[in-house]
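**Q**
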Amino acid sequence: MNGSRKTFDRPTTPGPHLEAMEARLALRIAGRLNQRTEALPHDISERLRVARLRALDRARELRKLTTTPAHQVQGGAVLVMAGPPSWWLRLASLAPLALLLAGLLLIQRSYLNQQIHAAAEIDEAILTDDLPPQAYSDPGFAEFLKSPRSVE
Amino acid sequence: MATDHELSDFLKSVERRAFKRTAFAVRDDEAALDIVQDSMIRLAEKYADRPAAELPLLFQRILSNATMDWFRRQRVRNAVVQNFSDFETDAEGGDFDLLETLQLSEDTIGTESAADSVGRVQILLQIEQEVSQLPQRQREAFLLRYWEELDVAETAAVMGCSEGSVKTHCSRAVHALAKALKAKGITP
Chain A
517 MNGSRKTFDR PTTPGPHLEA MEARLALRIA GRLNQRTEAL PHDISERLRV
567 ARLRALDRAR ELRKLTTTPA HQVQGGAVLV MAGPPSWWLR LASLAPLALL
617 LAGLLLIQRS YLNQQIHAAA EIDEAILTDD LPPQAYSDPG FAEFLKSPRS
667 VE
Chain B
6 MATDHELSDF LKSVERRAFK RTAFAVRDDE AALDIVQDSM IRLAEKYADR
56 PAAELPLLFQ RILSNATMDW FRRQRVRNAV VQNFSDFETD AEGGDFDLLE
106 TLQLSEDTIG TESAADSVGR VQILLQIEQE VSQLPQRQRE AFLLRYWEEL
156 DVAETAAVMG CSEGSVKTHC SRAVHALAKA LKAKGITP
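Here the protein sequences come in this chain order: A and B.
Per the numbering used here, residue 517 is the first one in the first sequence, and the count goes up by one each step.
Per the numbering used here, residue 6 is the first one in the second sequence, and the count goes up by one each step.
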């Protein structure tokens, strides 16, 4: 019991001397690990090299994207697109949305016009048609005739 | 900002140790290679514009996170068991003398003969095996602190724990390694 207690306490609060010894031993072990690492199998070394090259390519690509201007004329003839999207490209990407909105507005307006025309046609048909005699017996129509608006 | 050359040199200097450290953790060379590659690319994508001096700490943090992500994805039960084993203490280590191991170790400096070199590979293998058998947090602290040569504060930052915990993990790891190696008659 005491032994385990002692083991638990000692590493948590090592004195300077013990710390130094631990560090020396640890560095020796780390040195041995380095020796093993130098002798990695060829296929693993090769895959690590490829991974490193990929990472470097990626870093180069990203640097190019952030440093190259949006469009660059090369040889006076070729237009190279690179870098973040320019303002006109962003505008162009909004064009379909604008077209869609305009189309919807147009459709709504033509639908409204159709409704107005249809209502006007009905009104015109009613107003120009002969008034049936039964209409005069209708209390509502009589009231309508008496109203100030009908007098106008 | 780190130049391509600096980034390349840094990755070259760290890739082998990164692979071994990850392989110790995941115990699968293929997975370790994938994790190291992902970490390198993540470093290049996100932090290539940082000064070269910041790269070691950033890379170690990315590598540790990538390894943890791998464990999360794999949901390997053993990883959980390893984490819990960090809380275990060794009841038989009370009378273990670190100084004795260190003295034995230093007595052997320069005494290796040509005949010993054959056995040296075996010794290195056994040391590596003992390191791989350390509890995960102890091994992580030990390797970051003494192999990657980060200081205590940097190791704590990478591991996401306090500096005191790093010291404790390191100390326990060194004691465990010294004891295990001594039991095998190995002087590191």
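We put the CB at the ideal spot given by N, CA and C, even for glycine.
What you are looking at is a predicted structure, and each value in this text was computed from that prediction instead of being measured.
#1: Is any beta-carbon of chain D found at less than 9 Å from that of Ser602(A)?
#2: Look at the alpha carbon of Lys580(A) and the alpha carbon of Asp573(A), and state the distance between them as a whole number of angstroms.
#3: In chain B, which residues lie less than 8 Å from Leu572(A) when you measure between Cβ atoms?
#4: Please list the terminal residues of the continuous alpha helix (DSSP H) segment that includes Leu199(B).
#5: I need the DSSP call for Glu153(B), collapsed to helix, strand or coil.
#6: Report the CB separation of Leu569(A) from Val179(B) in whole angstroms; it is logged as a contact under 8 Å.
#7: With the cut-off set at 9 Å, would you say Leu149(B) and Met164(B) are in Cβ contact?
#8: Going by DSSP, what residue range makes up the alpha helix (DSSP H) through Thr173(B)?
#9: Quick one: Cα of Gln79(B) to Cα of Ile40(B), how far?
#10: Note down, in chain order, every chain A residue with its Cβ under 9 Å from the Cβ of Leu182(B).
#11: So, does the CB of Cys175(B) fall closer than 9 Å to a CB anywhere in chain A?
#12: Below 8 Å on the Cβ atoms is my contact criterion, and I expect Phe64(B) with Ser44(B) to pass it. Report the Cβ-Cβ distance as a whole number of Å.
#13: So, at 6 Å on beta carbons, what are the nonlocal neighbours of His174(B) in its own chain, with the 5 sequence-adjacent residues on each side left out?
#14: Between Leu581(A) and chain B, is any beta-carbon pair separated by less than 9 Å?
#15: Answer with buried or exposed for Arg177(B), where buried requires no fewer than 16 other C-beta atoms within 10 angstroms of its C-beta.
#16: For Phe76(B), decide whether its Cβ has a neighbour in chain A, counting only Cβ atoms nearer than 9 Å.
#17: Starting from the Cα of Ala183(B), find the closest Cα among Tyr52(B), Thr72(B), Pro56(B) and Val136(B) and give me that residue.
#18: For Glu562(A), go through chain B and note every residue whose CB falls closer than 9 Å to its CB, in chain order.
#19: Of all Cβ atoms in chain B, is any one closer than 9 Å to the Cβ of Leu556(A)?
#20: Can you give me the start and stop residues for the alpha helix (DSSP H) that Ile191(B) sits inside?
**A** With the given structure in hand:
#1: Among the protein chains of the structure shown, namely A and B, there is no chain D.
#2: So the two alpha carbons sit approximately 10 Å from each other.
#3: Asp9, Leu12, Ser13, Leu16 and Ala49
#4: No information on residue 199(B) is available, as it lies outside the stretch 6 to 193 that chain B covers here.
#5: Coil.
#6: Not quite, the Cβ-Cβ distance comes to about 37 Å (not below 8 Å), so this is no contact.
#7: yes
#8: Glu168 to Ala188
#9: 13 Å
#10: Leu541, Ala542 and Ile545
#11: Yes, contact with chain A.
#12: Correct: roughly 7 Å between the Cβ atoms.
#13: So the list reads Arg142, Gln143 and Ala146, once near-sequence residues are dropped.
#14: So no, Leu581(A) is outside the interface.
#15: By the 10 Å Cβ count, Arg177(B) comes out buried.
#16: no
#17: When only C-alpha atoms are compared, the closest one is Val136(B).
#18: Those do not exist, as Glu562(A) stays about 10 Å from chain B at its closest Cβ, beyond 9 Å.
#19: yes
#20: The continuous stretches of alpha helix (DSSP H) do not include Ile191(B), and DSSP gives it neither H nor E.
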